[in-house]
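Enquirer:
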Amino acid sequence: METAPRVFRDVISQPEAVEELRRSMSQGNDIHHAWLFTGPPGSGRSQIALAFAAALLCSEGGCGFCNSCEMIRAGSHPDVQVLNTERVQISIDEVTEFIDKSLTMPAVGKYRIMVIEDADRMMERTSNLLLKSLEEPPKGTIWMLCAPSEADLLPTIRSRVRRVQLKVPSVESVAMLLVEKYGVPFELAQLSAAQAQSHVGMARRLATNAGARDRRKQALLAALSIVDIPSAMQAAETLAKLGESDGAQLSGEQDEQERKDLMIQLGVSEDQKLTPSARAQLRRLEEAQKRRATRSKRDGLDRIFVDLMGLYRDVLTVQLGAKEFLINPDLAHEINLLAAETSQAQIIRNIEEIEKTRYRIERNVKESLLLDSLAITLRRKKVR
Ligand SMILES: [Zn+2]
Numbered sequence: 009m010e011t012a013p014r015v016f017r018d019v020i021s022q023p024e025a026v027e028e029l030r031r032s033m034s035q036g037n038d039i040h041h042a043w044l045f046t047g048p049p050g051s052g053r054s055q056i057a058l059a060f061a062a063a064l065l066c067s068e069g070g071c072g073f074c075n076s077c078e079m080i081r082a083g084s085h086p087d088v089q090v091l092n093t094e095r096v097q098i099s100i101d102e103v104t105e106f107i108d109k110s111l112t113m114p115a116v117g118k119y120r121i122m123v124i125e126d127a128d129r130m131m132e133r134t135s136n137l138l139l140k141s142l143e144e145p146p147k148g149t150i151w152m153l154c155a156p157s158e159a160d161l162l163p164t165i166r167s168r169v170r171r172v173q174l175k176v177p178s179v180e181s182v183a184m185l186l187v188e189k190y191g192v193p194f195e196l197a198q199l200s201a202a203q204a205q206s207h208v209g210m211a212r213r214l215a216t217n218a219g220a221r222d223r224r225k226q227a228l229l230a231a232l233s234i235v236d237i238p239s240a241m242q243a244a245e246t247l248a249k250l251g252e253s254d255g256a257q258l259s260g261e262q263d264e265q266e267r268k269d270l271m272i273q274l275g276v277s278e279d280q281k282l283t284p285s286a287r288a289q290l291r292r293l294e295e296a297q298k299r300r301a302t303r304s305k306r307d308g309l310d311r312i313f314v315d316l317m318g319l320y321r322d323v324l325t326v327q328l329g330a331k332e333f334l335i336n337p338d339l340a341h342e343i344n345l346l347a348a349e350t351s352q353a354q355i356i357r358n359i360e361e362i363e364k365t366r367y368r369i370e371r372n373v374k375e376s377l378l379l380d381s382l383a384i385t386l387r388r389k390k391v392r
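Just so we're aligned: the sequence shown equals residues 9 to 392 in our numbering.
#1: Please state whether DSSP places C77 in a helix, a strand or coil.
#2: Measuring only from the beta carbon, is E295 closer than 6 Å to any heavy atom that is part of ligand 1?
#3: Below 8 Å on the Cβ atoms is my guess for A240 versus A353; work out the distance and round it to an integer in Å.
#4: Please classify R31 as buried or exposed, where buried requires at least 16 other C-beta atoms within 10 Å of its C-beta.
#5: For V116, which residues from the same chain have a beta carbon less than 7 Å from its beta carbon, with the 5 sequence-adjacent residues on both sides left out?
#6: Taking just the CA atoms, how far does Y320 sit from S351?
#7: For a test of the three-state rule: what should DSSP assign to L161, helix, strand or coil?
#8: Look up R387 in the DSSP assignment and say whether it is helix, strand or coil.
#9: Taking the beta carbon of G83 as the centre, do at least 16 other beta carbons fall within 10 Å, making it buried, or is it exposed?
#10: Can you find a heavy atom of ligand 1 that lies under 6 Å from the Cβ of E68?
#11: When burial is assigned at 16 or more other CB atoms within 10 Å of the CB, is M152 buried or exposed?
#12: Based on the DSSP output, what are the partners of R45 in its beta bridges?
#13: Would DSSP call L91 helix, strand or coil?
#14: Could you give the DSSP three-state label for M131: helix, strand or coil?
#15: Under the rule that 16 or more other beta-carbon atoms within 10 Å means buried, what is F106, buried or exposed?
#16: CB of C154 to nearest heavy atom of ligand 1: below 6 Å?
#17: Does DSSP put R371 in a helix, a strand or coil?
#18: Pop quiz: Q257 and G219 are said to be a contact at Cβ under 8 Å. What is the actual Cβ separation, rounded to whole angstroms?
#19: May I ask you to report which of helix, strand or coil DSSP gives I343?
#20: Can you name, in chain order, every residue of its own chain whose Cβ lies under 6 Å from the Cβ of M271, other than the five neighbours on each side?
#21: Identify every run of the beta strand (DSSP E) within the segment 14-71, keeping only runs that are complete inside it and at least 3 residues long; order them along the chain.
#22: In angstroms, rounded to a whole number, what distance separates the CA positions of R267 and R299?
#23: Is any heavy atom in ligand 1 found nearer than 6 Å to the beta carbon of S76?
#24: So what's M317 in DSSP terms, helix, strand or just coil?
#25: Should G6 be labelled buried (16 or more other beta-carbon atoms within 10 Å of its own) or exposed?
#26: Cα-Cα, which of K140, D310, D338, S285 is closest to K225?
#27: In the structure shown, what three-state DSSP assignment does E350 receive?
#28: Can you list, in chain order, the residues of its chain with a C-beta nearer than 8 Å to that of L293? Leave out the 5 residues immediately preceding and following it.
#29: A215 and V123 - do their beta-carbons sit closer together than 7 Å?
#30: Please classify H40 as buried or exposed, where buried requires at least 16 other C-beta atoms within 10 Å of its C-beta.
#31: Compare the C-alpha of L247 against each of L290, S376, Y367 and name the closest.
#32: Strictly by DSSP, which residues pair up with T246?
#33: Can you round the beta-carbon distance between I20 and G50 to whole angstroms, since I take them to be within the 8 Å contact cut?
#34: If I follow the unbroken beta strand (DSSP E) through I107, where does it start and stop?
#35: Among the candidates L232, K147, L229, whose CA atom is the shortest distance from the CA of K118?
#36: Starting from the Cα of S233, find the closest Cα among Q97, L346, T365, D101 and give me that residue.
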């Protein structure tokens, strides 16, 4: 195996995928024009797509230092377009506009690269629109789609893309990334990577944000405290509040970062007077952020559900005597206690109930009712 270009260094735990891309690049000019990167959320689908884009556009094959590589890292390369959506579905207008961009010639590089981050969020009609472009893209245009799995796309799309499958990175490799890239102390990095179940973005947030860490722990402790109906009602209320505040915090953090990025892009500082066009751009950003805020509470709750499933998975691991690492080693004492006091059947039921609640909340069933009923299911029914 030859060494991969430097731009792939941030792609962690995916040696097979990187090797596949490296090999396809070494076969000369005939790069396939449509790719699909599949893997669970947090496995780095868009990172590897962008690294591949950098490797293709860099005159050194992906040096990581040059102007071209730098621009891709900063998200400002004129020949790399990324479509990402905060909505549940990518709209047909978004795709139409994106396809239009794919028709123009590359501005500075050899290729025009079109990345769609959540290609699974397209309705059939939208997918069909894209299909035409995937079949016969203009010379030099390369499509890179990202989705959880191949099954999330229409068969007609699947048959036109070359698939690169990503794996869930190991806890160790995510921890090392946190240490090396963000200077997180080793133990905290290890704990955060385990708690985030190797989701890189979540692990980084837990490792670098004490508030997020604290809210996560409070949510798990609330679930562990449920022993009867009154404590279930109390916990349901706590979970709702935590979901809301975590959602609001995260979307506030993103808002601020995006505002900063836009100001840098516009080349102005906060105290400078803005031109009308800069003001208009800022307003557009603020409107998009407002739309996102309406989703943030639900997203906050969804993160709590994932964490709770991890907690009960830990309990089940102990009950089954499996030699796996705990997702929540910091709660080992509480987990052991719950494992000893309850049946495996109950814990499995808890996990199933959380999954059902996630599904129903996505479909706009009244959230407080769902949380109450979930909390009642989760109460500790002692077997001994
Ligand atoms: Zn370069």
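Don't be surprised by glycine CBs; every beta carbon is placed ideally from N, CA and C.
Expert: In short:
#1: helix
#2: no
#3: Contact flag wrong, Cβ pair sits at about 19 Å.
#4: exposed
#5: P86, D87
#6: 12 Å
#7: coil
#8: coil
#9: exposed
#10: yes
#11: buried
#12: According to the sequence as given, residue 45 is Phe; it is not Arg. Beta-bridge pairing links F45 to C154, V172.
#13: strand
#14: coil
#15: buried
#16: no
#17: coil
#18: 6 Å
#19: helix
#20: none
#21: 42-46
#22: 15 Å
#23: yes
#24: helix
#25: The requested residue 6 does not occur in the structure, where the chain is confined to residues 9 to 392.
#26: D338
#27: In the sequence as presented, Glu is not what sits at residue 350; that position holds Thr. Looking at T350 - three-state DSSP - the assignment turns out to be coil, as it is neither helix nor strand.
#28: E266, R267, L270
#29: no
#30: exposed
#31: S376
#32: The partner list for T246 (beta bridge, DSSP) is empty, contrary to what the question assumes.
#33: Their Cβ separation, rounded to whole angstroms, is 11 Å, which puts I20 and G50 out of contact at 8 Å.
#34: It is not in any beta strand (DSSP E) - I107 instead sits in the alpha helix (DSSP H) that spans 100-110.
#35: K147
#36: L346
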